[in-house]
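Participant:
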Amino acid sequence: MNFYQTDTLAAVIARLKELTREYHAYENTLAQLCDEGEKALRIHSEDAYNTFMSECGSTLAAIKVEL
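Residue numbers (the working numbering): 926 to 992.
(1) Between the stretch 976-992 and the stretch 946-965, are three or more C-beta pairs nearer than 8 angstroms?
(2) At the level of alpha carbons, what is the spacing between L992 and R940?
(3) Output yes or no for whether 8 angstroms exceeds the beta carbon distance between L934 and L966.
(4) Would you give the residue range spanned by the alpha helix (DSSP H) that A935 belongs to?
(5) So, helix, strand or coil for I988, using DSSP?
(6) Would DSSP call S970 helix, strand or coil?
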């Protein structure tokens, strides 16, 4: 995972944490995404980044939340 991906992933996690406070109905889903994002940061691989970003995008689209 390169610096840009690490920085992007950290920004997405921070925004998800903000959204968790705004979208109480989806609090558990958004908190789970935060956990998965933090796990991807720890793994620090291209695959972990791509998998998380794909799952995050799909989940947010399904619940109609935009970053």
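Backbone N, C-alpha and C fix where the C-beta goes; we use that ideal spot for every residue, glycine too.
Facilitator: Straight from the coordinates:
(1) yes
(2) 7 angstroms
(3) The answer is yes: Cβ separation under 8 angstroms.
(4) F928 to E947
(5) coil
(6) coil
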